[in-house]
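**Student:** Quick note: UniProt numbering has the sequence shown finishing at residue 509, numbered continuously throughout.
We put the CB at the ideal spot given by N, CA and C, even for glycine.
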Amino acid sequence: MAMASHASPRGGGGGDAKQECHEQGATPAPAARVPQLRDMTLSVYVPALCAGLSTSIVIPVLPLYALSLGGDTAAAGAVIAVQSLGAMLADGIAGEIITRGGERVAMLVGMHVRTVAALLCGLTAVLPYLALLTFGRFVSGIGLSLFQIARQTYLGANVPSKLRGRANGLVGGAMRIANIFGPSSGGMIAHWYGQPSTFLAQVAAPRLLVGWRTIIAPHQLSAPHAVCTCGATVLVMYGMPFTPPRPSHAAARGAAVEMSAPSDGFADESERRGVIEDEAPPPRRSWLPAWLVAVAPPLLQVAPVSFTFAAVRACRAMLIPLKAAKLEMSDATIGYVTAVTFAADALVFPSAGCIMDRCGRKWAGVPSLLLMSVGLLGLGWSRTLLGMLFASSLLGVGNGLSSGLVQTVGQDSAPAHARSHFMGLFKLLGDCGSFAGPLLVGAISQWYSLDSACLVVAVWSAVGAAWYGLVSKESLEPSKGTARTLPPEGEFEHRDANICDERERLNRS
């Protein structure tokens with residue numbers, strides 16, 4: 001009866017309603033605009049490029065600098081791994097920060113936390129203590145976690161599934177392009193000005209100015225506002241409790257469906273109910289938080305993937321400089337060798353997103369782990385510069401095939417009503433792998449040899465490939481991975497006629 005009372009003002013007779021309905025059907029509402037990848041150039045890809053540049057500039061220097069401060073290979077592994085420990089600490093609270101303040105606030109805060117961390121590491125030129133370097137890397141992990149989780153949450157909420165692989169692949173590609181120039185620049189800076197100067201170069205990277213302008217690109221602020229970046233960061237941090245909470249992606253979709261649906265409750269009501277039921281959080285069944293109950297099952301499905309990729313990548317970043325140093329190469333040569341692997345990354349990454357979206361996530365992930373396993377074996381057997389270049393190139397090709405894979409799998413599996421919390425815990429699993437990998441490499445290198453460490457990580461990568469290919473399920477649904485096709489001719493007219501008949505029946509009731 002309530003439905004009939006809603007419908008009565010629309011028209012008195014059924015014929016008038018039917019005629020009105022056909023007139024409305026002749027002018028359908030414009031479809032919502034599908035987001036394009038180029039729309040995120042300023043807000044996502046340029047910050048990723050700058051962040052990758054500032055991160056990769058210390059890759060060839062960091063383990064060697066830890067050794068020069070009096071540490072052994074185990075201590076060098078701990079210095080590299082402690083960044084993941086800081087990220088693990090921030091992963092748990094990043095979801096809450098993003099929920100309260102939004103993705104842009106979290107990216108901005110994370111960016112400047114990393115700036116403070118780089119300054120702490122640069123202070124070791126005056127206070128040459130390994131503990132200070134370790135603490136700086138720990139703080140850097142906190143900022144890195146905030147920045148990455150905010151970016152992943154933004155992409156997962158705004159990019160449709162059929163474009164998600166390419167979107168994340170471009171993010172990984174932007175970082176890989178930056179990694180071509182970062183290690184070689186870091187090696188030359190360390191050779192000319194000393195190893196601590198590379199940390200100061202992190203601060204001077206264009207990450208600050210460009211990141212500030214791109215994060216707030218919708219407001220089109222002028223360049224002089226970049227001078228107030230640090231002050232604005234403090235204001236944002238103190239003002240965060242007073243920031244009104246942003247509506248969740250599920251609430252936004254439900255509101256959009258409700259506003260676009262007619263008020264008389266015709267057949268679209270079932271569609272609206274289906275959307276709301278799919279997006280609504282599940283009922284609370286235990287003493288655990290509702291969001292934790294929602295994210296636990298999908299998180300356990302993708303945990304081994306995130307852990308394995310993060311561990312193998314972290315070990316690769318540590319093993320290449322240590323192996324080159326063992327072969328008595330200079331800092332500049334080590335930087336060039338490290339840049340080779342990232343150049344191979346950049347050559348392969350454009351195909352990674354297409355493979356993930358068209359064939360499936362596994363078709364990119366399994367070959368990636370297998371190629372990195374072979375590359376790690378070659379790295380352990382290398383005795384010359386040519387062998388190092390070949391193994392590094394193979395590692396780069398393998399890693400490039402998985403550009404954006406981990407983030408894509410996480411976004412595929414994230415429940416819409418708890419996306420930021422899921423991405424935080426998903427990132428935590430990856431940071432556990434990044435933390436465990438270098439520690440394992442450092443311990444094996446200290447007790448046995450560096451070549452044995454390469455062998456162990458190669459076996460780890462091969463086992464991870466077997467697990468992902470045989471046990472884990474494909475996160476890309478076939479219906480979401482294929483391109484949309486036009487409906488058969490006459491389908492829209494038939495649907496409009498059915499809607500009009502339904503409205504006429506409701507008006508008569």
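Got a sec? Which residues, its chain only, sit under 8 angstroms from THR333 by beta carbon, not counting five neighbours each side?
**Tutor:** Position 333 of the sequence shown holds residue 333. Excluding positions up to five away in sequence, the list reads GLY187, ALA324 and LEU385.
**Student:** Pull up the distance between the alpha-carbon of LEU62 and that of VAL126, whole angstroms please.
**Tutor:** Within the sequence shown, residue 62 is the residue found at index 62, counting from 1. Within the sequence shown, residue 126 is the residue found at index 126, counting from 1. If you take the alpha carbons of LEU62 and VAL126, they lie about 17 angstroms apart.
**Student:** How far does the alpha helix (DSSP H) with VAL409 in it reach, from first residue to last?
**Tutor:** As a working mapping, residue 409 is identified with position 409 in the sequence shown. Where VAL409 is concerned, the enclosing alpha helix (DSSP H) stretches over 405-413.
**Student:** On the three-state DSSP scale, how would you describe GLN83?
**Tutor:** In the sequence shown, the residue the question calls residue 83 occupies position 83. GLN83: helix per DSSP, three-state reduction.
**Student:** Skipping 5 residues on each side, what residues in its chain have a beta carbon closer than 8 angstroms to that of ARG361?
**Tutor:** On the sequence shown, residue 361 is found 361 positions in, with the first residue counted as 1. Counting only Cβ-Cβ distances below 8 angstroms, and skipping sequence neighbours, we find GLY165, LEU405, THR408, VAL409, ASP412, GLU474, SER475 and LEU476.
**Student:** For PRO298, would you say it is in contact with chain D, using Cβ-to-Cβ distances shorter than 8 angstroms as the test?
**Tutor:** This model lacks chain D altogether, as it is built from one protein chain only.
**Student:** Helix, strand or coil for GLY165? Go by DSSP, reduced to three states.
**Tutor:** Stepping through the sequence shown from its first residue, residue 165 is reached at position 165. Looking at GLY165 - three-state DSSP - the assignment turns out to be helix.
**Student:** Please state whether the Cβ-Cβ distance between MET175 and GLY375 is less than 8 angstroms.
**Tutor:** As a first step, residue 175 must be located in the sequence shown, where it is residue number 175. As a first step, residue 375 must be located in the sequence shown, where it is residue number 375. The answer is no: Cβ separation not under 8 angstroms.
**Student:** Which whole-angstrom value describes the C-beta separation of GLY136 and LEU120, a residue pair presumed to lie in contact below a C-beta threshold of 8 angstroms?
**Tutor:** As a first step, residue 136 is located in the sequence shown; it is residue number 136 there, counting from the start. As a first step, residue 120 is located in the sequence shown; it is residue number 120 there, counting from the start. Indeed, because the Cβ distance is near 3 angstroms, the residues count as touching under 8 angstroms.
**Student:** Thinking SER330 and SER368 are a contact (beta carbons under 8 angstroms), I'd like their distance in whole angstroms, please.
**Tutor:** What you label residue 330 is simply residue 330 of the sequence shown in a count that begins at 1. What you label residue 368 is simply residue 368 of the sequence shown in a count that begins at 1. Not confirmed; about 31 angstroms, so no contact.
**Student:** Given 8 angstroms as the limit, is there contact between the stretch 177-191 and the stretch 135-150, that is, 3 or more CB pairs closer than that?
**Tutor:** Counting Cβ pairs under 8 angstroms, fewer than three are found: no touch.
**Student:** Can you give me the start and stop residues for the alpha helix (DSSP H) that VAL61 sits inside?
**Tutor:** The count along the sequence shown starts at 1 and reaches residue 61 at position 61. Neither: VAL61 is in no alpha helix (DSSP H) and is coded neither H nor E.
**Student:** Figure out for me which residue from TYR336, ASP357, VAL105 and ALA66 has the closest Cα to the Cα of THR134.
**Tutor:** As a position in the sequence shown, residue 134 is number 134, starting the count at 1. Of the listed residues, the one whose Cα sits closest to THR134 is ALA66.
**Student:** In whole angstroms, what separates the C-alpha of CYS354 from that of LEU395?
**Tutor:** For the purposes of this step, residue 354 is taken as residue 354 along the sequence shown, with counting starting at 1. For the purposes of this step, residue 395 is taken as residue 395 along the sequence shown, with counting starting at 1. Each residue's Cα considered, the two are about 20 angstroms apart.
**Student:** Need the endpoints of the alpha helix (DSSP H) that ASP431 sits in, please.
**Tutor:** For the purposes of this step, residue 431 is taken as residue 431 along the sequence shown, with counting starting at 1. Where ASP431 is concerned, the enclosing alpha helix (DSSP H) stretches over 419-447.
**Student:** Could you tell me the distance, in whole angstroms, from the CA atom of VAL113 to the CA atom of VAL44?
**Tutor:** Counted from its first residue, the sequence shown places residue 113 at position 113. Counted from its first residue, the sequence shown places residue 44 at position 44. Computed Cα separation, rounded: 19 angstroms.
**Student:** Using the beta-carbon count (16 or more within 10 Å), is TRP381 buried or exposed?
**Tutor:** For this step, residue 381 is matched to residue 381 along the sequence shown. When all chains shown are included, TRP381 counts as exposed.
**Student:** What three-state label does DSSP hand TYR129 in the structure shown?
**Tutor:** Stepping through the sequence shown from its first residue, residue 129 is reached at position 129. Coil.
**Student:** Going straight from the alpha carbon of GLU96 to that of GLY102, what length do you get?
**Tutor:** Reading the sequence shown from its first residue, position 96 is the one you call residue 96. Reading the sequence shown from its first residue, position 102 is the one you call residue 102. Distance between the alpha carbons of GLU96 and GLY102 is about 9 angstroms.
**Student:** Can you tell me whether DSSP reads THR341 as helix, strand or coil?
**Tutor:** Your numbering for residue 341 matches position 341 in the sequence shown. Correct three-state label for THR341: helix.
**Student:** Under the three-state reduction of DSSP, which class applies to ILE97: helix, strand or coil?
**Tutor:** Residue mapping note: residue 97 aligns to position 97 of the sequence shown, counting from 1. Three-state DSSP puts ILE97 in a helix.
**Student:** The alpha helix (DSSP H) that contains LEU385, what's its start and end?
**Tutor:** Position 385 of the sequence shown, counted from the first residue, corresponds to residue 385. First-last of the alpha helix (DSSP H) with LEU385: 385-401.
**Student:** Just verifying my parser: in three-state terms, what is the DSSP assignment at LYS473?
**Tutor:** Along the sequence shown, one-based indexing puts residue 473 at 473. Three-state result, LYS473: coil.
**Student:** Just reading off the alpha helix (DSSP H) that GLY378 is part of, what are its end residues?
**Tutor:** Counted from its first residue, the sequence shown places residue 378 at position 378. Taken as a continuous stretch (DSSP letters only), the alpha helix (DSSP H) holding GLY378 covers 362-381.
**Student:** What's the gap between the Cα of PRO206 and the Cα of GLY469?
**Tutor:** Position 206 of the sequence shown, counted from the first residue, corresponds to residue 206. Position 469 of the sequence shown, counted from the first residue, corresponds to residue 469. The predicted model places PRO206 with a pLDDT of 45, which falls under 50 and marks its position as unreliable; any figure quoted below should be read in that light. C-alpha separation (whole angstroms): 40 angstroms.
**Student:** Secondary structure at MET107, three-state DSSP: helix, strand or coil?
**Tutor:** Indexing the sequence shown from 1 puts residue 107 at position 107. In this structure, MET107 counts as helix in the three-state DSSP scheme.
**Student:** Quick check: what's the CA-CA separation for GLN152 versus MET423?
**Tutor:** Your numbering for residue 152 matches position 152 in the sequence shown. Your numbering for residue 423 matches position 423 in the sequence shown. One C-alpha to the other measures close to 7 angstroms.
**Student:** What span of residues does the alpha helix (DSSP H) with PRO47 cover, start to end?
**Tutor:** Along the sequence shown, read from residue 1 onward, the residue named residue 47 stands at position 47. Per DSSP, PRO47 belongs to the alpha helix (DSSP H) from 46-56.
**Student:** Does the distance from the C-beta atom of GLN446 to that of ASP91 stay below 8 angstroms?
**Tutor:** Walking along the sequence shown from the start, residue 446 turns up at place 446. Walking along the sequence shown from the start, residue 91 turns up at place 91. Going by C-beta atoms, GLN446 is not nearer than 8 angstroms to ASP91.
**Student:** Please report the Cβ distance between SER461 and VAL312, rounded to the nearest whole angstrom; I am assuming they are in contact, meaning their Cβ atoms lie under 8 angstroms.
**Tutor:** The residue labelled residue 461 in the question sits at position 461 within the sequence shown. The residue labelled residue 312 in the question sits at position 312 within the sequence shown. Between VAL312 and SER461 the Cβ distance is about 5 angstroms, and since that is below 8 angstroms, they are a contact.
**Student:** Beta-carbon separation of THR341 and SER373 under 8 angstroms?
**Tutor:** In the sequence shown, the residue the question calls residue 341 occupies position 341. In the sequence shown, the residue the question calls residue 373 occupies position 373. Cβ atoms of THR341 and SER373: not closer than 8 angstroms.
**Student:** When the distance is taken between beta carbons, is GLY77 closer than 8 angstroms to VAL441?
**Tutor:** Residue 441 sits at position 441 when you count from the first residue of the sequence shown. Residue 77 sits at position 77 when you count from the first residue of the sequence shown. For VAL441 and GLY77, yes; Cβs fall inside 8 angstroms.
**Student:** How big is the Cα-Cα spacing for LYS427 and PRO298?
**Tutor:** As a working mapping, residue 427 is identified with position 427 in the sequence shown. As a working mapping, residue 298 is identified with position 298 in the sequence shown. So the alpha carbons of these two residues sit roughly 14 angstroms apart.
**Student:** For ASP72, does the three-state DSSP call read helix, strand or coil?
**Tutor:** For this step, residue 72 is matched to residue 72 along the sequence shown. Here ASP72 sits in coil by DSSP.
**Student:** Using the rule of at least 16 other Cβ atoms within 10 Å of the residue's Cβ for burial, across every protein chain shown, is SER449 buried or exposed?
**Tutor:** The residue given as residue 449 occupies position 449 in the sequence shown. Flag for SER449 reads exposed.
**Student:** Just the C-alpha distance for ALA252 and ALA416, rounded to the nearest angstrom, thanks.
**Tutor:** In the sequence shown, residue 252 corresponds to position 252, counting from 1. In the sequence shown, residue 416 corresponds to position 416, counting from 1. Because the pLDDT of ALA252 is 42, which lies under 50, any placement of that residue in the model is unreliable, and the number read from its coordinates should be weighed accordingly. Distance between the alpha carbons of ALA252 and ALA416: 11 angstroms.
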